[in-house]
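In the working numbering, the protein residues as written are 2 to 144.
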């Protein structure tokens, strides 16, 4: 999913809809639940989703606070959590910018895909434990 405001950008919003990204209106809690219910149905049909635990991109290379939604979703669906760390993206496409920094074409984004964390036997009460486990596995990539 992506914040609903991004869908208002003419070409960008059209492209996001075409590839199946779900619009999330963060100001409307019930709307967020509707999106998660739709995503759950689509998962049962074989689709997979990438959910950002921070809920946003960071201005710098650091790990922001986690939101609970992606972890609740993973536990409710029994989907594994596959932590992905993306580094250097803010140097190429800064937060709040629609255009990349000029002169940064030769920089590299570093993508680290970490081992999956199973949620199969977890209950919603385990959400804080799951969040902390994922955070602990991601933190070393930010030092």
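We treat Cβ as the ideally placed atom computed from N, Cα and C, and that holds for glycine.
### Query
What first and last residue would you give for the beta strand (DSSP E) that runs through residue 52?
Residue numbering aside, residue 52 sits at position 51 when the chain shown is read from its first letter. Element bounds for residue 52: n/a, residue is neither H nor E.
#### Entry: For residue 64, the first and last residue of its enclosing alpha helix (DSSP H)
Here residue 64 refers to the residue found at position 63 when the chain shown is read from its first residue. Here residue 64 belongs to no alpha helix (DSSP H), and DSSP marks it neither H nor E.
### Query
Do residue 55 and residue 67 have their CB atoms nearer than 8 angstroms?
For the purposes of this step, residue 55 is taken as the residue at position 54 of the chain shown. For the purposes of this step, residue 67 is taken as the residue at position 66 of the chain shown. It is a contact, given that the beta carbons lie within the stated cut-off.
### Task
Could you have a look at residue 25 and say whether DSSP puts it in helix, strand or coil?
As a first step, residue 25 must be located in the chain shown, where it is residue number 24. Strand.
### Task
For my contact list, residue 132 and residue 72 are in at a C-beta cut-off of 8 angstroms; report their separation, rounded to the angstrom.
Residue 132 sits at position 131 when you count from the first residue of the chain shown. Residue 72 sits at position 71 when you count from the first residue of the chain shown. At roughly 5 angstroms, the Cβ-Cβ gap stays under 8 angstroms, so residue 132 and residue 72 are in contact.
### Query
Skipping 5 residues on each side, what residues in its chain have a beta carbon closer than 8 angstroms to that of residue 44?
One-based indexing of the chain shown puts residue 44 at position 43. Answer for residue 44: 50, 78 and 80, listed in chain order.
### Message
Rounding to the nearest angstrom, what Cα-Cα distance links residue 13 and residue 23 in this structure?
### Response
In the chain shown, counting from the first residue as 1, residue 13 sits at position 12. In the chain shown, counting from the first residue as 1, residue 23 sits at position 22. Spanning the two alpha carbons is a distance of roughly 13 angstroms.
### Task
Since I believe residue 138 is in contact with residue 84 (beta carbons under 8 angstroms), could you give me their beta-carbon distance rounded to a whole number of angstroms?
Position 83 of the chain shown, counted from the first residue, corresponds to residue 84. Position 137 of the chain shown, counted from the first residue, corresponds to residue 138. Their Cβ separation, rounded to whole angstroms, is 6 angstroms, which keeps residue 84 and residue 138 in contact under 8 angstroms.
#### Entry: Length of the line joining the Cα atoms of residue 9 and residue 38
Indexing the chain shown from 1 puts residue 9 at position 8. Indexing the chain shown from 1 puts residue 38 at position 37. If you draw a straight line from the Cα of residue 9 to the Cα of residue 38, it comes to about 23 angstroms.
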